[in-house]
Every structure is written in C-alpha cells, then in structure tokens.
Ligand code: AMP
Ligand code: GLY
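Numbering (our numbering), first residue to last: 64 to 492.
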C-alpha cells in the first residue's frame with residue numbers, strides 16, 4: 064500500500080516510522096516532511112517527501128489521486144481544523160483524522176468547554192467572552208490566579224496564566240484587543256486555575272469505540288525546573304507513573320467514552336486520535352484540553368512502544384471496526400529529549416550542520432527530526448526551534464531516561480540546547 068502522511072514535525076517522523084513497520088505498507092510519502100523523513104532507510108520500503116504544504120488541500124488531493132495513494136494520515140492540527148479530511152473524502156480517498164465538524168474539539172476551546180459542561184465531563188469552571196469590556200468586568204470579581212485562553216488554534220501558545228488582576232487585564236488586552244494570537248482571540252475562555260500533575264492520554268477513536276494508548280507526560284516550559292516560556296514541548300516520557308489504575312478507571316467512567324458519545328450526540332462523529340490533556344487534581348482527574356491529533360512530542364514516546372500494526376488500527380478507525388482490535392504496548396518505557404536551537408521559542412539561528420546520526424538503530428534509539436532541512440551540499444542542517452527529538456527505550460523509566468540522555472550526546476550542532484531534567488518527576492513517583 065502507498066500511504067501519504069501530511070505534516071513536517073517529529074510527530075510525523077514517528078508516524079512514518081510506525082507505518083514503516085507495517086507489513087502492508089510498501090511506500091510512504093510525506094508532505095512536506097523534513098530531512099529526517101526523506102532520509103529514512105527501511106528495507107523493502109520506498110520512503111520520500113514531496114514539497115506540498117499541509118494547507119494546500121487541492122494540491123494534496125490531486126497528488127493523492129494522481130499518484131494512487133491508498134491511505135492518508137493527517138498528523139497536524141491546522142489542516143484538520145481547516146477541513147482537509149472532508150476534501151479527501153469528497154474525492155473518494157481514504158483518510159485518517161476527524162472531519163472539520165469534529166476537529167472543532169481542538170479548534171475551539173469555547174466549543175470543547177461547552178461540550179464538557181453539557182455532558183458533565185470534569186473540567187475547570189469557566190466563562191466565555193466575545194467582548195473585552197465584559198471580560199474585564201468579570202475579572203474584577205474573579206479569584207486569582209486565573210487562566211485566559213484564546214478560543215482558536217494558537218500553536219499551543221494562546222494560554223495565559225495570570226497571578227494578579229493587573230496581569231489578567233493585560234492578558235485580555237493582548238488576546239482580545241491587540242490580537243496577539245490573531246483571530247484565535249476573537250473569543251476568549253476565562254478558566255479557573257487548577258493545580259496537579261499533568262498527563263497526556265492519546266486514544267484511537269472510530270466514531271463509537273475508543274481505545275486508549277499508553278499514557279505520557281510532556282514538559283512544556285523551555286527551561287529546567289519548569290521555568291521559562293511555554294514551548295511546543297521539550298521532552299516526554301511514557302508511561303506516566305502517576306496514571307494509576309484508579310485514575311484510569313475514573314477516566315474510563317467519566318471522560319473518554321463520554322466524550323466520544325457527546326460528539327456523536329452533537330452530530331459530530333469523531334474518527335481519528337483524541338488527545339486528552341488531563342490534570343490530576345485533588346478532586347480527581349479533569350480535562351485541561353482536547354487535541355484532535357497525536358501529541359508532539361508524545362507520539363515520539365508512545366508510538367515506538369506500540370505493538371500493533373498502526374495501519375490496521377488506523378483503518379479500523381476509518382471503517383468503524385475498532386471494537387475488533389486490542390491495542391498492545393510493550394511492557395517497558397521510553398523517554399524523549401528535544402534538542403532545540405538556543406533561544407527557542409523566541410529567536411534562534413538556523414542552517415547549522417548536524418552530525419552524529421549513525422548510532423540510532425530505530426529499535427531502542429530513535430532520532431526523530433522536527434526542524435531540519437538539507438543544506439547546499441546535501442548535508443542535514445538545523446531549520447527550526449525544535450530540531451530533533453531523541454527517544455530511547457529502556458526496561459523502566461529510569462533506564463530509558465539515562466539512555467535518552469546518553470544518546471543526546473551522540474548528536475552535535477551549533478547552538479544545541481536541551482533541558483536536563485526531562486523525566487525528573489519519575490524520581491518522585
Ligand atoms: P492548554 O493549551 O489548554 O493545554 O494549556 C496549556 C498549558 O497551560 C497546560 O498544559 C497547563 O499547564 C496550563 N493550563 C491550562 N489550563 C489550566 C488551568 N485551568 N489551570 C492551570 N493550568 C492550566
Ligand atoms: N505536546 C502537546 C501537544 O502536542 O499539544
């Protein structure tokens with residue numbers, strides 16, 4: 064089978080790596096992909112990248128039809144929220160991911176909060192506003208700290224945690240008046256501040272059935288000790304030792320299936336991946352956010368541990384037969400440490416040659432590319448803030464962490480930056 068993957072990050076590299084293990088997949092083409100995906104070398108598989116952007120729906124559909132793509136996987140949020148799945152389906156193409164009317168689960172925070180309220184799914188208390196003066200008046204009497212969220216997609220950066228009324232007022236100005244996050248700030252959610260550990264749970268969904276993958280935890284802040292600015296994610300580990308049997312049972316009873324059923328009741332049948340961003344509060348697990356796709360860099364620790372043929376699972380989601388499968392994960396652990404460009408997420412230089420890829424075996428050590436490109440002489444160079452995701456597996460979390468940090472030393476490029484405390488929480492478990 065010829066499979067098309069849409070996206071260009073470390074997540075898409077992890078998806079391609081998982082697809083390359085499928086017996087039925089003979090060809091993978093990634094649009095637009097990156098230097099790491101283009102360099103994949105798996106026996107018996109033809110793997111390449113094509114320079115078509117993830118938002119160029121018409122071109123992607125024509126390419127899929129002209130080159131006889133059998134199955135397409137959409138990795139990124141922007142094209143999903145923009146309705147790429149509907150376009151592929153209209154052309155009679157088989158595609159994995161939610162339609163536009165279901166991707167709104169990620170695309171609008173106001174929608175997802177209203178859904179949770181209506182169907183009694185545990186989440187932080189909130190109000191929504193489309194008028195800055197009403198939001199400001201509300202904040203005068205609200206309890207601090209408080210959380211402000213731009214309604215639409217904002218590259219994971221549209222969330223402000225405000226400790227004082229002054230900060231909150233400035234935040235409303237940034238989001239709703241100065242439009243720092245663009246039209247995502249036309250509507251805003253003001254949410255109660257919660258405390259607790261965060262867990263990411265990814266799941267496969269076929270419209271009716273939901274199957275949970277092994278849990279993970281991300282590290283969103285740029286610097287050690289969870290300080291510095293929010294990023295796309297600086298590292299992950301899987302499984303999370305804090306995702307206990309009790310937490311799992313609670314979420315199964317109160318969150319997962321209820322979300323799938325709620326979407327169906329609203330006439331927005333969800334097929335694809337639902338990512339549950341959970342916070343384990345003193346009152347029990349609550350939903351922080353939903354995403355309509357694999358997490359990045361969660362996919363880089365969860366997918367290498369999955370035993371199933373990913374194509375079988377994805378097809379079952381599209382066909383509505385997920386109830387006939389059992390998801391299986393290796394009884395081990397994985398840690399991913401992101402190698403970024405110094406200065407990320409604010410400003411950084413690019414174009415530096417990267418060396419040291421040789422030792423990664425794609426069995427226990429993986430080097431997932433995110434911001435990389437080919438230089439003038441065909442060498443691989445840095446091309447973004449998050450450059451590589453270095454994943455290692457181990458028999459337990461501690462050994463996986465030691466192996467992942469060891470492997471970060473194999474790689475060299477100018478201005479290489481990483482956090483040194485990915486997985487530190489493991490020691491407290
Ligand atoms: P989100 O994009 O909604 O996941 O928010 C990004 C990050 O902001 C989350 O991973 C949390 O660390 C933090 N956050 C979001 N909502 C809340 C909340 N209600 N209380 C405390 N922290 C939050
Ligand atoms: N790692 C968080 C996300 O993918 O949104």
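Using N, Cα and C, we set each Cβ at its ideal position, and we do this for glycine too.
- For residue 286, the enclosing beta strand (DSSP E) covers residues 284-286.
- Nearest to residue 334 by C-alpha distance, out of 364, 382, 294 and 311, is 382.
- Assignment of beta-bridge partners to residue 272 by DSSP yields no partner.
- The DSSP-derived three-state label of residue 462 is helix.
- Its chain contains 64 and 374 as the residues whose beta carbon lies nearer than 7 angstroms to that of residue 87, once the 5 sequence neighbours on both sides are disregarded; these appear in chain order.
- Distances between the C-beta of residue 358 and the heavy atoms of ligand 2 include at least one below 6 angstroms.
- For residue 83, the uninterrupted alpha helix (DSSP H) run begins and ends at 73-83, by DSSP.
- Close CB contacts of residue 74 within its chain, under the 6 angstroms cut and outside five residues either way in sequence, are with 138, 357, 359 and 362 (chain order).
- Distance from the CA atom of residue 285 to the CA atom of residue 448, rounded to whole angstroms, is 11 angstroms.
- The DSSP assignment places complete alpha helix (DSSP H) segments of no fewer than 4 residues inside the segment 298-354 at 308-314 and 320-328, in order along the chain.
- The DSSP assignment places 109-112 as complete runs of the beta strand (DSSP E) inside the segment 91-118, in order along the chain (cut-off: 3 residues).
- DSSP, reduced to helix, strand and coil, places residue 358 outside both helices and strands of the structure shown, so it counts as coil.
- For residue 439, the number of other beta carbons within 10 angstroms of its own is below 16, and it is reported as exposed.
- For the pair residue 325 and residue 396, the CB atoms are not nearer than the 7 angstroms cut-off.
- Contact check for residue 282 and residue 298: beta-carbon distance about 5 angstroms, within the 8 angstroms limit, so the pair qualifies.
- At a cut-off of 6 angstroms, the beta-carbon of residue 155 does not count as near ligand 2: no heavy atom of the ligand is closer than that.
- Checking the 6 angstroms criterion, the Cβ of residue 150 is out of range of every heavy atom belonging to ligand 1.
- The three-state secondary structure of residue 376, taken from DSSP, is helix.
- Under the Cβ criterion (8 angstroms, minimum of three pairs), the segment 340-355 counts as touching the segment 253-272.
- Per DSSP, residue 167 lies in no beta strand (DSSP E); the unbroken alpha helix (DSSP H) holding it starts and ends at 163-170.
- Secondary structure at residue 245: helix, using DSSP grouped into helix, strand and coil.
- The three-state secondary structure of residue 142, taken from DSSP, is helix.
- When the five nearest sequence neighbours on each side are left out, the beta carbons in the same chain lying within less than 8 angstroms of the beta carbon of residue 474 are those of 402, 417, 418, 419, 420, 430, 451 and 453, in order along the chain.
- The nearest non-hydrogen atom of ligand 1 is 6 angstroms or more from the C-beta of residue 178.
- Residue state for residue 148 is assigned as helix, using DSSP reduced to three classes.
- The segment 125-135 makes contact with the segment 152-159: 3 or more CB pairs, one atom from each, lie closer than 8 angstroms.
- As a beta-bridge residue in DSSP terms, residue 213 pairs with 251.
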